[in-house]
Ligand code: SAM
Ligand code: SF4
């Protein structure tokens, strides 16, 4: 088991497959974004090798993310590798859903069991504004395909004041009445590349619970408030699914953090909201053997910092898409 200095069981790796994306969500990246050249990204072969090494160290959960992970041609094979790697118990994917309609079934056949789809609004015009050019109907087709393929569905909505903090939240939560899905509302976080969207535009969990209670009546706490991953779960009375709140700003969950990130260019990013990183790609490409690589992974776990520094105005230099969301 990989425990860090604070006795947290660091067993969940989020692997960014690319920093590139087919959308430009306003809170995530600027419209004119330069992406890394292909040879700077870890290759499929390097990723297949690393998945085995992380499992050997004791990691049990892998999530593929990005940038947009469905842009990566080798995604289905990477899922298949993770699924047959001894020790890996859970595989997830976080996607904007634009390319999911054709991929949902192959991904399920490769071993994927659940998918997180990012969707901030059900209003097509607003969706286009938030993503700068995205077509909502493509995401909805991806969502349908995921449900038809039998994947467990979670929807992730980043909520921002004045943009999607009321009617959109109420409309997204309505899905849970009939569907066994989790609809999760994420507090918008500040990053170095989205400085015009800082903490004042973050809408807190408490405020959103009030908005939902007005529309649906008081929400019932699920699991006595025990976090499901990073989400605190609630249910509208009688609903099939749950509503989750991911509240790193107003209710930090650092004590329960189990994750580390591997950036697309092969750096271990130790806390989403801090800059601490350790390089793996240099070792890999320098011919390091498995023992040297696993030593570096263990060292990174031990070096994982405690707590983020948002209250002290410490924000990560790079954006979410570059780190791996
Ligand atoms: N492209 C994929 C997607 O959008 O699902 C995966 C990568 S994206 C960076 C992962 C998650 O990060 C998405 O749910 C997105 O909404 C969220 N995200 C991006 N920027 C954020 C920010 N400033 N604050 C909070 N969440 C953010
Ligand atoms: Fe792309 Fe996801 Fe960032 Fe939106 S949140 S720009 S879909 S990486």
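Numbering (the numbering used here), first residue to last: 212 to 536.
In this text, a Cβ means the ideal position worked out from N, Cα and C, and glycines have one as well.
DSSP-derived helix/strand/coil call for residue i
i: residue 265; result: helix
i: residue 334; result: coil
i: residue 515; result: coil
i: residue 238; result: coil
i: residue 389; result: helix
i: residue 281; result: helix
i: residue 364; result: strand
i: residue 313; result: helix
i: residue 564; result: The chain is shown from 212 up to 536; residue 564 falls before or after that span and cannot be answered.
i: residue 526; result: coil
i: residue 505; result: helix
i: residue 379; result: helix
i: residue 532; result: helix
i: residue 288; result: helix
i: residue 349; result: helix
Which residues DSSP lists as bridging residue i, in chain order
i: residue 489; result: 479
i: residue 471; result: 224
i: residue 306; result: 328
i: residue 339; result: Paired residues: none, contrary to the question.
i: residue 432; result: 445
i: residue 397; result: 369, 457
i: residue 272; result: 223, 301
i: residue 439; result: 442
i: residue 413; result: 371
i: residue 214; result: 220
Residue i CB to nearest heavy atom of ligand 1 below 7 Å
i: residue 458; result: no
i: residue 532; result: yes
i: residue 322; result: no
i: residue 523; result: no
i: residue 400; result: yes
i: residue 536; result: yes
i: residue 397; result: yes
i: residue 239; result: yes
i: residue 403; result: no
i: residue 367; result: yes
i: residue 278; result: yes
beta-carbon residue i near ligand 2 non-hydrogen atom, thresh 7 Å
i: residue 353; result: no
i: residue 307; result: yes
i: residue 234; result: yes
i: residue 303; result: no
i: residue 342; result: yes
i: residue 222; result: no
i: residue 476; result: no
i: residue 412; result: no
i: residue 329; result: yes
Exposed unless 16 or more other CB atoms sit within 10 angstroms - verdict on residue i
i: residue 243; result: exposed
i: residue 215; result: buried
i: residue 250; result: exposed
i: residue 525; result: exposed
i: residue 513; result: exposed
i: residue 417; result: exposed
i: residue 401; result: buried
i: residue 523; result: exposed
i: residue 466; result: exposed
i: residue 437; result: exposed
i: residue 281; result: buried
i: residue 217; result: exposed
i: residue 487; result: exposed
i: residue 344; result: exposed
i: residue 425; result: exposed
Cα-Cα separation, residue i to residue j
i: residue 443; j: residue 288; result: 32 Å
i: residue 294; j: residue 278; result: 22 Å
i: residue 435; j: residue 454; result: 14 Å
i: residue 497; j: residue 506; result: 15 Å
i: residue 520; j: residue 485; result: 8 Å
i: residue 237; j: residue 450; result: 32 Å
i: residue 273; j: residue 263; result: 11 Å
i: residue 531; j: residue 428; result: 34 Å
i: residue 299; j: residue 266; result: 6 Å
i: residue 307; j: residue 490; result: 28 Å
i: residue 515; j: residue 221; result: 9 Å
i: residue 312; j: residue 329; result: 14 Å
i: residue 259; j: residue 226; result: 11 Å
i: residue 527; j: residue 421; result: 30 Å
i: residue 447; j: residue 388; result: 7 Å
i: residue 339; j: residue 346; result: 6 Å
i: residue 283; j: residue 229; result: 7 Å
i: residue 397; j: residue 285; result: 29 Å
i: residue 351; j: residue 509; result: 41 Å
Closer than 7 Å: residue i CB and nearest ligand 3 heavy atom
i: residue 351; result: As far as ligands go, the structure on display features ligand 1 and ligand 2 and does not contain ligand 3.
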